[in-house]
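Take the position in the sequence shown, starting the count at 1, then add 192; the result is the number in my numbering.
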Amino acid sequence: MKLKNILIAVSDLERSRKFYHDLFGLDTVADLGGNLLLTEGLVLQEAGLWKQILGREHMPGGAGELFFEENRMELFLEKLASYPEPIRILTPLTKDGQGRRLIRVLDPDGHVIEVKERIR
C-alpha cells in the first residue's frame with residue numbers, strides 16, 4: 193500500500209491555491225472540478241464538495257499538521273513577511289532540540305503548517 197495524497201477541505205479554492213503556490217511553491221497538477229491536485233500530493237477540496245460527499249461540515253483546521261522542510265529559511269521568512277494577506281503565526285520563529293529554526297503558521301482555513309530548516 194502507498195499513500196498517494198493528503199486532502200484538506202478549504203472554504204475558498206482559489207485563495208488556498210494562491211497561498212500554497214506563493215508561499216510553498218506548490219503548483220497545480222490537475223483541476224478536478226472542486227478538487228485541485230497540487231505538486232507534492234496535496235489536494236485542496238472545496239468545503240461544499242466535502243459536505244456533499246460526506247454529508248457533514250468540514251472542521252476548519254482539523255487536528256493535523258502539514259510539515260515542510262526548507263533549505264532557505266530566510267527566503268521563506270521574507271515571503272511570509274511580504275505576503276499580501278495577513279499570515280496567522282501559531283508558533284513564532286524558534287529552534288528545535290537540534291538547533292534548527294522552525295515556525296508554525298495557519299493557512300487561510302486554519303490548517304496548521306510547520307516549516308523547519310532542513311538538516312544540512
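Think of the CB as a built atom: it goes at the ideal place given N, C-alpha and C, for glycine as much as any other residue.
Remember, predicted model here, so these are calculated numbers, not experimental data.
By DSSP, does residue i sit in helix, in strand, or in coil?
i: L282; result: strand
i: A222; result: strand
i: K243; result: helix
i: L294; result: strand
i: K196; result: coil
i: E309; result: strand
With DSSP as the reference, identify every bridge partner of residue i, one or two as the case may be.
i: Q237; result: A201, N227
i: K210; result: DSSP lists no partner for K210.
Any heavy atom of the ligand MG closer than 7 Å to the CB of residue i?
i: L218; result: As far as ligands go, the structure on display features none, and thus does not contain the ligand MG.
So, for residue i: in the same chain, excluding its five sequence neighbours on each side, which residues have a beta-carbon less than 8 Å away from its beta-carbon?
i: K287; result: R293, L294
i: D214; result: K271, Y275
i: L285; result: L269, R293, L294, I295
Who are the Cβ neighbours of residue i in its own chain at under 6 Å, not counting the five residues just before and after it?
i: L199; result: V235, Q237
Which whole-angstrom value describes the C-beta separation of residue i and residue j, a residue pair presumed to lie in contact below a C-beta threshold of 8 Å?
i: L218; j: E232; result: 6 Å
i: R280; j: L298; result: 4 Å
i: L230; j: T220; result: 6 Å
i: E262; j: V307; result: 5 Å
i: R209; j: L228; result: 6 Å
i: P278; j: F211; result: No, P278 and F211 are not in contact; Cβ-Cβ is about 12 Å, not under 8 Å.
Along the alpha helix (DSSP H) that carries residue i, what are the first and last residues, could you check?
i: L258; result: Not the alpha helix (DSSP H): L258 falls in the beta strand (DSSP E), residues 257-262.
i: E266; result: 265-274
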